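Quick notes on the structure that follows.
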Amino acid sequence: MNNLIAKHLFYFPSQYFRGQKVWKFIPEVWADERRPEEEIQRIRDEKIRKLVGYAYENIPYYRKMMQEKGIRPETISGYDELAMLPVLTKEAILENSQSLIKPNSSKRMYERKTGGSTGMILHFFKEADALAKNDAIMYRCYAWYGIDIGDRQARFWGVPVKSKTRIKESIKDVLLNRIRISAFDISETTCLREYERIRRFRPTHFYGYTTAIYGFCRVAKDLGLNLKELQMKAVICTAEKMYPHHRELLSEMFDCPIVDEYGSSENGIIAFQCRQGNMHLMSDHLAIEFVDEQGQRVKPGELGRIVITDLSSFEMPQIRYDIGDIGRLSDMKCSCGITLPLMDIVEGRKEDFIRTKEGKLVHAAYLCYTLKEDTIHEFKMIQKAIDRFHVQLVRSPLFNSESEKKLERNLRCALGNDAQISFEYLDRISREKSGKLRYFISELSEPTDMTSEEKLVSGRR
Ligand SMILES: [Zn+2]
-3 MNNLIAKHLF YFPSQYFRGQ KVWKFIPEVW ADERRPEEEI QRIRDEKIRK
47 LVGYAYENIP YYRKMMQEKG IRPETISGYD ELAMLPVLTK EAILENSQSL
97 IKPNSSKRMY ERKTGGSTGM ILHFFKEADA LAKNDAIMYR CYAWYGIDIG
147 DRQARFWGVP VKSKTRIKES IKDVLLNRIR ISAFDISETT CLREYERIRR
197 FRPTHFYGYT TAIYGFCRVA KDLGLNLKEL QMKAVICTAE KMYPHHRELL
247 SEMFDCPIVD EYGSSENGII AFQCRQGNMH LMSDHLAIEF VDEQGQRVKP
297 GELGRIVITD LSSFEMPQIR YDIGDIGRLS DMKCSCGITL PLMDIVEGRK
347 EDFIRTKEGK LVHAAYLCYT LKEDTIHEFK MIQKAIDRFH VQLVRSPLFN
397 SESEKKLERN LRCALGNDAQ ISFEYLDRIS REKSGKLRYF ISELSEPTDM
447 TSEEKLVSGR R
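Note that this note's numbering gives residue 254 to position 258 of the sequence shown, counting from 1, and the numbers run on in steps of one.
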């Protein structure tokens, strides 16, 4: 589809009907990225005051918490004072899901589910403006690489298990001018087929899970496919940490910038890599802090947990939300002209591949698609052997006798009919030393170093 048709006939009208007026925010966010740092700080402080005041007046959880701690909303006059408020953990969101939302809100709300690298399923509700702002921010970042709204995208992503959701997503893909390449199924056969599909579609950029794009490139290299002739404007990798070996191969296979995106389904883009290779924080839209275990801010250059306050989300505010990743604020300045501050991602977004007896590689994000059910609070899968899988679950009150069968059925689509799948029900799933819940662990004896992974991806074991 022509990009202008996609932009003006599909994207903007569909956003209009959803009440998400992205275009309203575009001039503002475009201007923000080049404002002097002090001006960004002033804008951020003003937004923090407004948000905290609103939360105190309208949201039962925040009102109660601030009253108990004896904090008046006017005390929180900006970013510095924000640190007086406690960190909002994922556990606290699960326990207080109702009182975190404005009662009887007249605004239309959209649900966002997380089931990312933490393996804990949380439901967030966002008003249209907050989502429109996320999109405006996303297009601002893409514009750094000459990518416009409606430009054709090859998306290396999950494919929903439920047929209803799959159809919905396929329609969305057509309207958003993108094709989806399954991150769950990478082999020589699929790579060749998808390469031809990509060639015919002529995307301007690749977007998707780092390891999925990496896996595709690995196989493409073995098959001698020329990805440079696709003439991409950029390859944008997201959802997982990009390791040097990922970047090395991608840079070899493409003649375009390889871009690291750090974001989440609940907050949109948090940091995005510029042409100078630096990760700029979206500080005009989010208050981003790096804190120690006690919730106190650490100095630039020191490792800390990443804590986010979405400054546009009022109906279900996330004030000092601990997203579960670890990173480092940088006090370096970038010479690219964008004044937004910089960070380094150090840890987080650790994911892996599930390996099956048939020699198939399934991206572990498949579990997020399969297990992201209302019947489950938390999940974790341990691969014990090539055909043996153990699933730990924390059930929600909606879990019933049919739920386990349904989960098993969905898992079998990827793991195969012969796989042994066992379930264990727990009150809480144990965390890693860092406090994170790793939702997939492989206990296969074969090393997970790159050599074996590469062999597996190319199917030449
Ligand atoms: Zn820069």
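Note that the Cβ used here is the ideal one computed from N, Cα and C, for glycine as well. Owing to the predicted nature of the structure, the values given are computational and were not obtained by experimental measurement.
Could you tell me if E369 is buried or exposed, where buried requires 16 or more neighbouring beta carbons within 10 angstroms of its beta carbon? Sequence index remark: in the sequence shown, residue 369 carries index 373 (1-based). It is buried - the Cβ of E369 has at least 16 other Cβ atoms within 10 Å.
Just the residues with CB closer than 5 Å to a heavy atom of ligand 1, in chain order, which are they? C270, Q272, N274, C330, C332, I334
According to DSSP, is T206 helix, strand or coil? By one-based count along the sequence shown, residue 206 stands at place 210. The answer is helix: DSSP assigns T206 an H, G or I state.
For A230, name the three-state secondary structure that DSSP assigns. Against the sequence shown, residue 230 aligns to sequence position 234. Looking at A230 - three-state DSSP - the assignment turns out to be strand.
In chain order, what residues of the same chain lie with their CB nearer than 7 Å to the CB of M(-3), ignoring the 5 residues before and after it? Numbered from 1 along the sequence shown, position 1 holds the residue referred to as residue -3. Closer than 7 Å at the Cβ level, and outside the excluded window around M(-3), lie N173.
Below 8 Å on the Cβ atoms is my guess for H201 versus K160; work out the distance and round it to an integer in Å. For the purposes of this step, residue 201 is taken as the residue at position 205 of the sequence shown. For the purposes of this step, residue 160 is taken as the residue at position 164 of the sequence shown. About 29 Å separates the two Cβ atoms, so there is no contact after all.
Bounding residues of the alpha helix (DSSP H) (the contiguous stretch that carries S397): Here the question's residue 397 lines up with position 401 in the sequence shown. Element bounds for S397: 397 to 411.
Could one say the Cβ of L226 lies closer than 8 Å to chain D's Cβ atoms, at least one of them? Protein chains in the displayed structure number just one, and chain D is not present.
Hey, could you find the ends of the beta strand (DSSP E) D288 is sitting in? For the purposes of this step, residue 288 is identified with residue 292 of the sequence shown, where counting begins at 1. Careful: D288 lies outside any beta strand (DSSP E) and carries neither H nor E.
For K380 and H119, what's the separation of their Cα atoms in angstroms? As a working note, residue 380 is residue 384 in the sequence shown. As a working note, residue 119 is residue 123 in the sequence shown. When rounded, the distance between both Cα atoms is 30 Å.
Return yes when the Cβ of I145 is within less than 8 Å of the Cβ of Y7, no when it is not. Residue 7 sits at position 11 when you count from the first residue of the sequence shown. Residue 145 sits at position 149 when you count from the first residue of the sequence shown. Yes. Within cutoff.
Which two residues bound the contiguous alpha helix (DSSP H) that contains R384? Walking along the sequence shown from the start, residue 384 turns up at place 388. Run containing R384: none in the alpha helix (DSSP H); it sits in the beta strand (DSSP E), 384 to 391.
Here's the rule I'm using: 16 or more other beta-carbon atoms within 10 Å means buried, otherwise exposed. How should Y58 be labelled? By 1-based counting over the sequence shown, the position of residue 58 is 62. Buried, because 16 or more other Cβ atoms sit within 10 Å of the Cβ of Y58.
Boundaries (first-last residue) of the beta strand (DSSP E) holding I315: Sequence index remark: in the sequence shown, residue 315 carries index 319 (1-based). Where I315 is concerned, there is no enclosing beta strand (DSSP E), given that its DSSP letter is neither H nor E.
Where C213 and E248 are concerned, what is the direct C-alpha to C-alpha distance, given to the nearest angstrom? Residue numbering aside, residue 213 sits at position 217 when the sequence shown is read from its first letter. Residue numbering aside, residue 248 sits at position 252 when the sequence shown is read from its first letter. The alpha-carbon atoms of C213 and E248 are separated by roughly 10 Å.
Beta-carbon within less than 8 Å of I36's beta-carbon, same chain only, minus the 5 sequence neighbours each way: which residues are those? Within the sequence shown, residue 36 is the residue found at index 40, counting from 1. Excluding residues within five positions, the ones whose Cβ falls inside 8 Å are D28, S279, D280, T335, L336.
Rounded straight-line distance, which links the Cα of G273 to that of Y239: As a first step, residue 239 is located in the sequence shown; it is residue number 243 there, counting from the start. As a first step, residue 273 is located in the sequence shown; it is residue number 277 there, counting from the start. Approximately 14 Å, taken between the alpha carbons.
Which same chain residues, not among the five before or five after V255, have their C-beta less than 8 Å away from its C-beta? If you number the sequence shown from 1, residue 255 lands on position 259. Contacts found: Y141, A230, V231, I232, C233, F268, Q269.
Residues in the same chain with beta-carbon distance under 7 Å from C187, minus the five sequence neighbours each way, listed in chain order, please. Counting from one through the sequence shown, the residue named residue 187 turns up at place 191. Closer than 7 Å at the Cβ level, and outside the excluded window around C187, lie F212, V215, A216, L219.
In chain order, what residues of the same chain lie with their CB nearer than 7 Å to the CB of L394, ignoring the 5 residues before and after it? Taking the sequence shown and counting its residues from 1, one reaches residue 394 at position 398. Hits under 7 Å: D370, T371.
Name the DSSP bridge partner or partners of Y106? To locate residue 106, count along the sequence shown from 1; it is residue 110. In the DSSP output, where bridge partners are listed per residue, Y106 has K122.
Local conformation of G545 per DSSP, three classes: Because the chain spans -3 through 457 in this model, residue 545 falls outside it and cannot be assessed.
Comparing alpha-carbon positions, which option in L325, I322, D306, F310 lies nearest R316? Mapped onto the sequence shown, residue 316 falls at position 320. Among L325, I322, D306, F310, the Cα nearest to that of R316 is on D306.
Would you be able to state if there are at least three C-beta pairs under 8 Å between the segment 145 to 155 and the segment 191 to 208? yes
Does M(-3) come out as helix, strand or coil in the three-state DSSP assignment? As a first step, residue -3 must be located in the sequence shown, where it is residue number 1. M(-3) falls in the coil class under three-state DSSP.
Nearest residue (CA-CA) to L407, options R189, L0, R391, F385: Here residue 407 refers to the residue found at position 411 when the sequence shown is read from its first residue. Measuring from the Cα of L407, the nearest candidate turns out to be F385.
The beta strand (DSSP E) enclosing E420, as first and last residue numbers: Here residue 420 corresponds to residue number 424 of the sequence shown, with the count starting at 1. E420 -> beta strand (DSSP E) spans 416 to 421.
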